[in-house]
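Some notes on the structure that comes next.
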Amino acid sequence: MRGLSLHCLGWRRALAFPALPPRRWSSTSGQHRQLDLTGLTAKWQAVSDQQKLTKPSQTQGDGIGSEKKKKAYILPMFPYPSGALHLGHLRVYTISDVLARSRQMMGHDVLHPIGWDAFGLPAENAAIERGVHPADWTARNIEVMKKQMMEMGGRWDWDREFRTCDPEFYKHTQHLFLLLHEHGLAYQAESLVNWDPVDQTVLANEQVDANGCSWRSGAKVEKKMLRQWFLRIKEFQKPLLEDLDSLAGQWPERVRAMQKNWIGYSVGTQLRFGMEYTDTEQFDPVDVYTTRADTLLGVQYVALSLNHPIVQSLATKDDNLRSFLDRAKDFPPDSKEGYILPGVQAQNPLSNLIEDNNVAQRVPVFVAPYVLDDYGSGAVMGVPAHDARDYAFWKQNRADEPVRHVIFTEVKDVAVGDRPILEKGFLHSSDPRLSRLSSDQGIEHIVELINQAGGHAKRTENWRLRDWLVSRQRYWGTPIPIIHCKSCGPVPVPKNDLPVELPDLPASYFQGRTGNPLAEDKDWKKTTCPKCHSAAERETDTMDTFMDSSWYFFRFLDPHIHNALVHAQKANQGMPVDVYVGGVEHAILHLLYARFITKFLASILVWPKGVLPNNLGEPFKQLITQGMVHGKTYSDPTTGRFLRPEEVDLSKPSSPVIKSTSVVPKVSYEKMSKSKHNGVNPGTTIATYGADVTRAHMLFQAPVSDILEWDETKITGVQRWLTRVLHLSAAAWFPKKDLDKFQPPAPIDSDLAFILADLVKQGTLKHKNIPALQIDYSRWKRGMITKAILSNKSTYLSILKPMDRALLSKTHEIIASVKQSYTETYALNTVISDLMTLTNAIWDTPQVSDCTPIFKWLATVQLLRLVAPIAPAVAEEGWHILISKTNKRVENMTSHPLRHIRIDSGPSVFDLGFPVSDPELIRFCTQTMTCVVQWDGKRKFEAEILNPVHLTANAGLESQRQSSRSSEKATDELKTWVLGEVMKTEEGKKWMGQGEESGEGGERVGMGAIWKAAGSLDAHPILPGVPKLWNVIVAKGGQIINLVTPKMTPPKPKLESEAEAEVEQVASPPPAKAEETKQELVSSIREEDLDLEFSVDEYGRITTTGGEEEPLEELNKRGDGSEAASKERHEKPNWQLKIERKKQKEREKKRVGPKPHWSGRNSR
């Protein structure tokens, strides 16, 4: 649409004045009415679809990444199609969409795909409850959620979409299982498993919560012995642990710590306890593993697991033990219940080897549910005095017996009472061989003592990680591709026969049914053995759904390949995922399994580059874990009952009242759930405020990794901000007379120097006949003009009005800050804060010059580009409004990129790319700067002062004019300004202040070190804070200032004969007079040498002692001033010849002494 009218877009007529009144964006009394933002997303998504502004499909090409563009694989954890998006979904997909859009604008080749984690128990449970097929239930949910994802304004690579329940996908999951089986990493074994009695399926240890309940159904988990399929993840436990170090700084430390703890590597000691039984039956010794062998002296019991062979043997003749074992099935994993085995004792392997009567030779043996069958040998030693779990167990089972401390934090005994000491310390024993040893020394000595006596004690490693149990006894999952033959055993299904598809059961089959439908479907089970072709049966277990999510990110790179998981070339181009976004609840299960499978695929060269040191087989380079979304919850303060929204009077949101009792409810933020009545439908919020407002509000309310407390009462602030962005886009601040002459720059990201030079050329940017800005466009060559313009950038900036300069500086500061947030810190809440600041800066900047509207136009363009990833529809709308109003002069310029702006043909705001910040401009326009103050070339302190932009530019201009008088004047002005600003600071007063008279003896209080060294209060006639006769050198535009001390007393007026004698003395200075020459040397040093510390020898030669290195020959050459340096050290350097010429002039005056070279002379 050409020349969009503000009326047709529902806008009020633009105001006729050039500057908008200063007013904060959060004001509720704005002069513009609220705009309707709810329809913008649908409008611009339709345009985007029509124009195909998203990048072309790459599924048929070479994948992402090329020599021309850097790849950016941005991936959110794909959703389970549960039925509807909740705010947690909206948060993760908004984050990934913002990052993908920003990277695309920065020129990256972006892949931002989406798919569906479609297998799982909820679908099958829904089928059982409703009598609907899981596939139909899943498909309907995907349709609903996909529509919601479109409404939220996301942009996805839909051409790569897949569902893990499609045979074309799980065919490759089965192939992956066969690859693992082929390499010996998949095996079947009898195992005591976690059994969910409600869902009738096996659960991995990770799927059982701390209370012993299923993470899905909430049912109490039972133990059951079944033959199951496992994956040998323990084969990769070492790289899984060690490679976490390579993710430091890129993964949240919390997630890395959780993975390290789950892998559970430790170095400890294996000790052997003899077992004694009063009955005739004898038991083998029990091996225990401990990381604290130093506490062996304090062992008070040994605990065995429920399934330990000794326990199982005794259970055959102990009814009480059998009863305990039956009850223990319902105990939580951390239960402190125990059963003491009658007549069984364990012998401490150290008790007979040392002389310490406090060490128990024999200790009781308990059966304890907290002892794991596969930790060590299913036995642990109990030391209540030095382990929190052992202490709790002992207090519950032997509360009347005190704990025995054998480790103290100090060398001598300290009374600690009845509490455990968990830290390492020093052993306390009556045996002198062990007493007072540190814990680490004690471990070594104990192991040595036991081994010397012929016992068993060895240092060993232990890992908590267990092999991954992948069998599930359910229908809605990937069938395990194994055939069981009575003759051949388990036989893999040939690759050509994949996929092994699920049977197409009728929907009615599922209603009210429990158990595994595959095991009951005889027709599906029956098959023939691929080896011997005899009758056989299929494996009826399906795979854990984490198997699907352990590799799906590879499939997005090559979603349509039929004969492989992924093409190796595309895996090399696309992996690893650059940014992975998802919930911290997946920190252990999904992420650990995905790392394991990726390392395996790299090892077999499915991802060839994955084995390189820069990859290490890690799938996710950067991990962002977003926090949960909590909803506002109302509860009755007397009963604690959660209240429904309709039970609360919210007519005054800040003062809610329970309708039935008029009591003020308790208000809190809780995890959203139906029971707490605090759920929020994101679709309702989007329909009310628009997708862009909802997205921005969600990002603004909390840092990405923090819990988000959803408060819809605060969303209006973001709504007003985006409305103000659109009002700015109407360019009401552009006077009509200037708008007719305005020509948008091309390209938009041209260096500001060229834009300002053009304004000078047009006469819009006024200057006072500065020769450096008089560029002869007709005669100079193009290269000369470009060089001249770029070299004059600081000059252009110096003649701008301060308000104009401040707006430019703020714009570029925010561009730099926002880019860092988008690419490094991912602090998206600060992005919105920065953009609000820029919006206010544009709105509040008055027109102070003819250039102001142009700078506001530039700032608004950058604002819209920065807003685009977060609020794409608002940015597109604002962009088209702004350009359609301000491109009149370029409509007929065929080469100008903004010659037309049409909804149907663009250009889109996303076509412009990401703004580029100008660090030089920011530095030059920054309001303050740091000044380093030196004294005789040595740094003394730093001071934060105002930036003398107006003076540094003038000094540069005068230097270009090559007028020494003008240059000295400009430099003196700069010195005076910098010294004056330094004197305003506390450090400046401390060093350069003259202090105040105390009134007692004429002493002064607070006199600075400079004046103390001067020994006089005589001040410099021009320079503030500087004693008379001192010199000042300024460098780097005032960033460095050097105060130079006069080392010789100012001479009195001399007769002509005395002056002649002085010249002779200066011509050949003795070593004692060397310091008298330093003043002249300091004055001759260039500005760039001021950060050097130096000394002067007796012949005037310079030696550097600090700062950046520079060849001494070069400094000495400048010191003696001759083109050919003197070969003999006694030859006169050039600076002495200058003194002689000065003395010659003084001879012409009677009784007038030589004027000191340091008196009022400019250092330059």
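Residues in the sequence shown are numbered consecutively from 4, following the working numbering.
Note that the Cβ used here is the ideal one computed from N, Cα and C, for glycine as well.
For this session: Buried or exposed for R163, please, with buried defined as at least 16 other CB atoms from any protein chain shown within 10 angstroms of its CB.
Result: Counting from one through the sequence shown, the residue named residue 163 turns up at place 160. The residue is buried, with at least 16 neighbouring Cβ atoms inside 10 Å.
For this session: Find out if the Cβ-Cβ distance for the pair F745, D807 is shorter than 8 Å.
Result: Reading the sequence shown from its first residue, position 742 is the one you call residue 745. Reading the sequence shown from its first residue, position 804 is the one you call residue 807. No. Outside cutoff.
For this session: Pull up the DSSP beta-bridge partners for S85, would you.
Result: Along the sequence shown, read from residue 1 onward, the residue named residue 85 stands at position 82. According to DSSP, S85 bridges with nothing at all.
For this session: Please name the residue in P856, L356 and H311 whose C-alpha comes closest to that of F286.
Result: Here residue 286 refers to the residue found at position 283 of the sequence shown. Of the candidates P856, L356 and H311, the one whose C-alpha sits nearest the C-alpha of F286 is H311.
Problem set entry | Bridge partner(s) assigned by DSSP for R942 | Your numbering for residue 942 matches position 939 in the sequence shown. Answer is Q937, bridged to R942.
Problem set entry | Own chain residues within Cβ distance below 7 Å of P495, not counting five before or after | Here residue 495 is taken as the residue at index 492 of the sequence shown, counted from 1. These residues qualify, in order along the chain: L181, H184, P484 and I485.
Exercise. Thinking C-beta only, is W198 closer than 8 Å to K174?
Worked result: On the sequence shown, residue 174 is found 171 positions in, with the first residue counted as 1. On the sequence shown, residue 198 is found 195 positions in, with the first residue counted as 1. Remark: C-beta atoms of K174 and W198 do not approach each other more closely than 8 Å.
Problem set entry | Contacting residues, own chain, Cβ-Cβ under 7 Å from L93 (five flanking each side not counted) | Along the sequence shown, read from residue 1 onward, the residue named residue 93 stands at position 90. Excluding residues within five positions, the ones whose Cβ falls inside 7 Å are M155, P685 and M701.
For this session: Taking only the alpha-carbon atoms, compute the straight-line gap between L729 and A760 and give it to the nearest angstrom.
Result: In the sequence shown, counting from the first residue as 1, residue 729 sits at position 726. In the sequence shown, counting from the first residue as 1, residue 760 sits at position 757. Near 30 Å, if we compare the C-alpha coordinates of A760 and L729.
Problem set entry | Closest by C-alpha distance to H487, when choosing among V584, T481 and P533 | Here residue 487 refers to the residue found at position 484 of the sequence shown. Checked all of V584, T481 and P533; the closest Cα to H487 is P533.
Exercise. Three-state secondary structure (DSSP) at E540?
Worked result: Within the sequence shown, the letter at position 537 stands for residue 540. In this structure, E540 counts as strand in the three-state DSSP scheme.
For this session: Could you give the DSSP three-state label for E426: helix, strand or coil?
Result: As a first step, residue 426 must be located in the sequence shown, where it is residue number 423. Of the three classes helix, strand and coil, the one that applies to E426 here is coil, per DSSP.
Problem set entry | Unbroken stretches of the alpha helix (DSSP H), 4 residues or longer, contained in the stretch 724-770 | Entirely contained in the stretch 724-770, the alpha helix (DSSP H) runs reaching 4 residues are, in chain order, 739-742 and 755-765.
Problem set entry | Beta-bridge pairing of P79 - partner residues as DSSP gives them | By 1-based counting over the sequence shown, the position of residue 79 is 76. V584.
For this session: Check whether the Cβ of A402 lies closer than 8 Å to any Cβ atom in chain C.
Result: Although the question refers to chain C, the structure presented lacks it and comprises just one protein chain.
Exercise. Between which two residues does the beta strand (DSSP E) carrying H186 extend?
Worked result: Translated into the one-based positions of the sequence shown, residue 186 becomes position 183. H186 -> no beta strand (DSSP E), and no H or E assigned at all.
Exercise. Going along the chain, which unbroken runs of the alpha helix (DSSP H) with 4 or more residues stay wholly within the stretch 248-281?
Worked result: You should have 256-266.
Exercise. Which same chain residues, not among the five before or five after A590, have their C-beta less than 6 Å away from its C-beta?
Worked result: The residue given as residue 590 occupies position 587 in the sequence shown. For A590, same chain residues with a beta-carbon under 6 Å away, outside a window of 5 residues either side, are V258 and M261 in chain order.
Problem set entry | DSSP bridge partner residues for A306 (one or two, in chain order) | For the purposes of this step, residue 306 is identified with residue 303 of the sequence shown, where counting begins at 1. Paired residues: F369 and V383.
Exercise. By how many angstroms is the C-alpha of A213 removed from the C-alpha of R407?
Worked result: Position 404 of the sequence shown, counted from the start, is the residue given in the question as residue 407. Position 210 of the sequence shown, counted from the start, is the residue given in the question as residue 213. Per the coordinates, the alpha-carbon of R407 lies some 30 Å from the alpha-carbon of A213.
Exercise. Do S105 and F917 come within 8 Å of each other at the CB atom, strictly closer than that value?
Worked result: Your numbering for residue 917 matches position 914 in the sequence shown. Your numbering for residue 105 matches position 102 in the sequence shown. Their beta carbons are under 8 Å apart, which means F917 touches S105 by this criterion.
For this session: Output the residue ranges of the alpha helix (DSSP H) runs that lie fully inside the stretch 542-617 and measure 4 residues or longer, sorted by chain position.
Result: Entirely contained in the stretch 542-617, the alpha helix (DSSP H) runs reaching 4 residues are, in chain order, 549-552, 555-558, 571-577 and 592-606.
Exercise. Can you check whether the CB of A331 is closer than 8 Å to the CB of P372?
Worked result: Taking the sequence shown and counting its residues from 1, one reaches residue 372 at position 369. Taking the sequence shown and counting its residues from 1, one reaches residue 331 at position 328. Cβ atoms of P372 and A331: closer than 8 Å.
For this session: Indicate the three-state DSSP secondary structure (helix, strand or coil) for D1123 in the structure shown.
Result: Taking the sequence shown and counting its residues from 1, the one referred to as residue 1123 is at position 1120. With a pLDDT of 41 at D1123, under the threshold of 50, the modelled position of that residue is not reliable, and no figure is offered here.
Problem set entry | Of the residues F172, D544 and P875, the one placed nearest F559, counting alpha carbons only | Within the sequence shown, residue 559 is the residue found at index 556, counting from 1. Proximity to F559 across F172, D544 and P875 peaks at F172, based on C-alpha coordinates.
Exercise. Which value, in whole angstroms, describes the spacing of the CA atoms of L309 and L626?
Worked result: As a working mapping, residue 309 is identified with position 306 in the sequence shown. As a working mapping, residue 626 is identified with position 623 in the sequence shown. Their Cα atoms are separated by approximately 40 Å.
Exercise. Among L324, T889, R467 and N832, which one has its Cα closest to the Cα of S708?
Worked result: Here residue 708 refers to the residue found at position 705 of the sequence shown. Closest in C-alpha terms to S708, from the list L324, T889, R467 and N832, comes N832.
Problem set entry | Whole-number beta carbon distance between G634 and Y672, since they are thought to touch under 8 Å | Start at 1 with the first residue of the sequence shown, and residue 672 comes out as number 669. Start at 1 with the first residue of the sequence shown, and residue 634 comes out as number 631. Contact holds; Cβ gap of about 7 Å.
Exercise. Can you list, in chain order, the residues of its chain whose CB lies under 6 Å from that of A456, leaving out five sequence neighbours each side?
Worked result: Position 453 of the sequence shown, counted from the start, is the residue given in the question as residue 456. Non-local beta-carbon contacts of A456 in its own chain, meaning distances under 6 Å to residues more than five positions away in sequence, involve L356 in chain order.
Exercise. What's the call for K325, buried or exposed, on a 16-neighbour Cβ count within 10 Å?
Worked result: Residue 325 sits at position 322 when you count from the first residue of the sequence shown. With the sequence shown as reference, residue 325 is identified as Arg, and Lys is not the correct amino acid for it. Sixteen is the threshold: since fewer than 16 other Cβ atoms of the shown chains lie within 10 Å of the Cβ of R325, the residue is exposed.
Exercise. Any idea what DSSP makes of I792, helix, strand or coil?
Worked result: For the purposes of this step, residue 792 is identified with residue 789 of the sequence shown, where counting begins at 1. In this structure, I792 counts as helix in the three-state DSSP scheme.
Problem set entry | Given 8 Å, three or more beta-carbon pairs between the stretch 548-564 and the stretch 595-602 | Yes: at least three Cβ pairs fall under 8 Å.
Exercise. DSSP on E1006, reduced to helix/strand/coil?
Worked result: As a first step, residue 1006 is located in the sequence shown; it is residue number 1003 there, counting from the start. Coil at E1006, not helix or strand.
For this session: Could you spell out the range, first to last residue, of the beta strand (DSSP E) harbouring G634?
Result: Translated into the one-based positions of the sequence shown, residue 634 becomes position 631. Counting along the chain, the unbroken beta strand (DSSP E) around G634 starts and ends at V632 to S638.
Exercise. Do H899 and A749 have their CB atoms nearer than 8 Å?
Worked result: Stepping through the sequence shown from its first residue, residue 899 is reached at position 896. Stepping through the sequence shown from its first residue, residue 749 is reached at position 746. Yes, they are a contact pair.
Problem set entry | Assumed close pair D202, L124 - CB separation to whole angstroms, cut-off 8 Å | Start at 1 with the first residue of the sequence shown, and residue 202 comes out as number 199. Start at 1 with the first residue of the sequence shown, and residue 124 comes out as number 121. With a Cβ gap of about 6 Å, D202 and L124 count as contacting.
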